[in-house]
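Enquirer:
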Amino acid sequence: MEVLLNFGAKPNDILKPFVYQSLETALIPTINSMVGMGVVSLPGMMTGQILSGTSPNTAILYQISIMIAICTVVCLSVFTSLYFGHKTLYNKDHQFNFNS
1419 MEVLLNFGAK PNDILKPFVY QSLETALIPT INSMVGMGVV SLPGMMTGQI LSGTSPNTAI
1479 LYQISIMIAI CTVVCLSVFT SLYFGHKTLY NKDHQFNFNS
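In short: position in the sequence shown from 1, add 1418, done, that's the working numbering.
(1) Helix, strand or coil: how does DSSP classify Met1419 here?
(2) Report the rounded CA-to-CA distance for Phe1497 versus Leu1441, giving the unit in angstroms.
(3) Please report the distance separating the alpha-carbon of Tyr1438 from that of Pro1447.
(4) Pull up the CB-CB distance for Met1463 and Gln1481, whole angstroms please, since I reckon it's below 8 Å.
(5) If we ignore side chains and look at the alpha-carbon of each, how far apart do Ser1483 and Asp1431 end up?
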């Protein structure tokens, strides 16, 4: 990273592969749990609604909306932490900030 910075690369270009990898790493567990949802495992909320007499279609829609909300929150938290982490890595002159 330091060599690329010395050659004149912008910090955003240097960090782009790391951002993609960290986003993928953060989303893999959530996506894996979404893949088997309803086929391999029945979540507690969906099972409880079906047992209480709610229509299975309604229970499935609620479960899908919850899983999409969880995935959205994971994405937002990763983007937020990467955004603020990027600001602490470099100073205004695009030099490494070794003081933190």
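Virtual Cβ for every residue (Gly too), placed ideally from N, Cα, C.
Expert: Let me lay it out:
(1) Looking up residue 1419 in the sequence shown gives position 1. Coil.
(2) As a first step, residue 1497 is located in the sequence shown; it is residue number 79 there, counting from the start. As a first step, residue 1441 is located in the sequence shown; it is residue number 23 there, counting from the start. Cα-Cα distance, rounded: 8 Å.
(3) Here residue 1438 refers to the residue found at position 20 of the sequence shown. Here residue 1447 refers to the residue found at position 29 of the sequence shown. Using only the alpha carbons, I get a separation of about 16 Å.
(4) As a position in the sequence shown, residue 1463 is number 45, starting the count at 1. As a position in the sequence shown, residue 1481 is number 63, starting the count at 1. So it is a contact: roughly 6 Å between Cβ atoms.
(5) What you label residue 1483 is simply residue 65 of the sequence shown in a count that begins at 1. What you label residue 1431 is simply residue 13 of the sequence shown in a count that begins at 1. Distance between the alpha carbons of Ser1483 and Asp1431 is about 35 Å.
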